[in-house]
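Residue numbers (my numbering): 5 to 323. For each residue, glycine too, the CB sits at the ideal point set by N, CA and C. Encoded as structure tokens, the structure appears first; notes follow it.
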Ligand code: NAP
């Protein structure tokens, strides 16, 4: 049997695409992914505690609960959900062929890729422990920075790119001080962002420094640093750690069959569209968005991808 539409991924983009596709009678199948040690169905929001910036939830909502509600809404319209990964695709002929982690083969007229991106972490054991327990370590200042736990605290941001600067500037609204820790003595960020950070009295820089451990039992109390030049170690007290060292889009299973940009994100043929380099394959959410990376923008592009897929299927006379 050939499916009309397969949606790969189960974050805000995937579920929103499913809601739209299901309501358009496309009988979508969502491959929500298998839980693993690096990702679980639901994506990055499953690692977030409280989401306060998604419209419609005036009191905020836990990331896990929000993803469950998204899923329930798509099930209401008879979306089929399979807890498998798509491990390989063949887009060289139409209908497309996809293979799952359970070694099942599936054939589809159209595909929406919504596999998201992973925030890069330093991969320190205590960093991961405190990030998962909501103990003051985060990879998203815009998601978590406004939480009461971070108010009037010294907050540390790791990274030297535009994200680190942007997150640092954002955190100055709440923090008593923001310390930007960078592994070199020169920022990668654009000059205008550098200027903004350097002229903000709440921001300090610590150059040539690596965070080599995160201190604290249930809640972070500080970070251990190593100077990259002298190799000396020192401890720095802080009330929050924000990692901003880039994202890695989840595209390896595509095996270069869809055009990616220079950073590995799926490129779309036109701005404000979700059609990829392969006719009938669309992309939504963080896997195609290196810039906004928000739940609400991912949901928006999920909607766009489903509408575009439906129009493409209709235009081709396939549904
Ligand atoms: P990025 O430009 O790749 O910068 C990543 C930063 O993290 C670099 O400074 C890098 O250090 C550092 N880093 C990487 N791995 C590290 C590690 N293991 N330990 C310590 N430091 C590490 O990523 P980004 O800042 O997320 O930006 C991504 C894209 O989005 C960029 O094109 C950026 O311009 C854009 N963006 C723009 C804006 C804006 O204009 N407002 C805001 C956000 C993002 P090195 O410098 O030593 O490599």
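- Pairing residue 312 with residue 286 gives a Cβ-Cβ distance under 9 Å.
- Boundaries around residue 20 are those of the alpha helix (DSSP H), 16 to 27, since no beta strand (DSSP E) includes it.
- With fewer than 16 neighbouring CB atoms inside 10 Å of its own CB, residue 96 falls in the exposed class.
- The alpha-carbon of residue 114 is positioned some 29 Å away from that of residue 67.
- Under DSSP, residue 231 takes part in a beta bridge, and its partners are 213.
- Between the beta-carbon of residue 78 and that of residue 26 there is about 6 Å, and that keeps the pair under the 8 Å contact cut.
- The ligand NAP never approaches residue 122 closely enough for any of its heavy atoms to be under 8 Å from the residue's Cβ.
- Restricting attention to 85, 105 and 304, the CA atom closest to the CA of residue 257 is found in 105.
- Rounded to whole angstroms, the Cβ separation of residue 299 and residue 58 is 5 Å, and the two are in contact under 8 Å.
- At a threshold of 8 Å, residue 197 counts as near the ligand NAP, since its beta carbon sits closer than that to one of the ligand's heavy atoms.
- In the DSSP assignment, residue 319 falls outside any beta strand (DSSP E) and lies within the alpha helix (DSSP H) extending over 299 to 319.
- Using a Cβ distance threshold of 9 Å, residue 177 and residue 139 do not count as a contacting pair.
- Restricting attention to beta strand (DSSP E) runs no shorter than 3 residues, the segment 158 to 184 encloses them at 158 to 162, ordered along the chain.
- Measuring C-alpha to C-alpha distances from residue 209 to each of 305, 163, 254 and 226 identifies 163 as the nearest.
- Here residue 91 is not near residue 101, since their CB atoms are 9 Å or more apart.
- For residue 320, the number of other beta carbons within 10 angstroms of its own is below 16, and it is reported as exposed.
- Secondary structure remark: continuous beta strand (DSSP E) runs of at least 3 residues inside the segment 94 to 140, in chain order: 100 to 104, 109 to 117 and 121 to 123.
- Contact check for residue 33 against residue 85 passes: the beta carbons are separated by less than 9 Å.
- Straight-line measurement puts the Cα of residue 252 at about 24 Å from the Cα of residue 227.
- Taking every protein chain shown into account, the CB of residue 50 has 16 or more other CB atoms within 10 angstroms, so this residue is buried.
- With a threshold of 16 other beta carbon atoms within 10 Å, residue 19 meets it and is buried.
- It is roughly 43 Å from the alpha-carbon of residue 288 to the alpha-carbon of residue 235.
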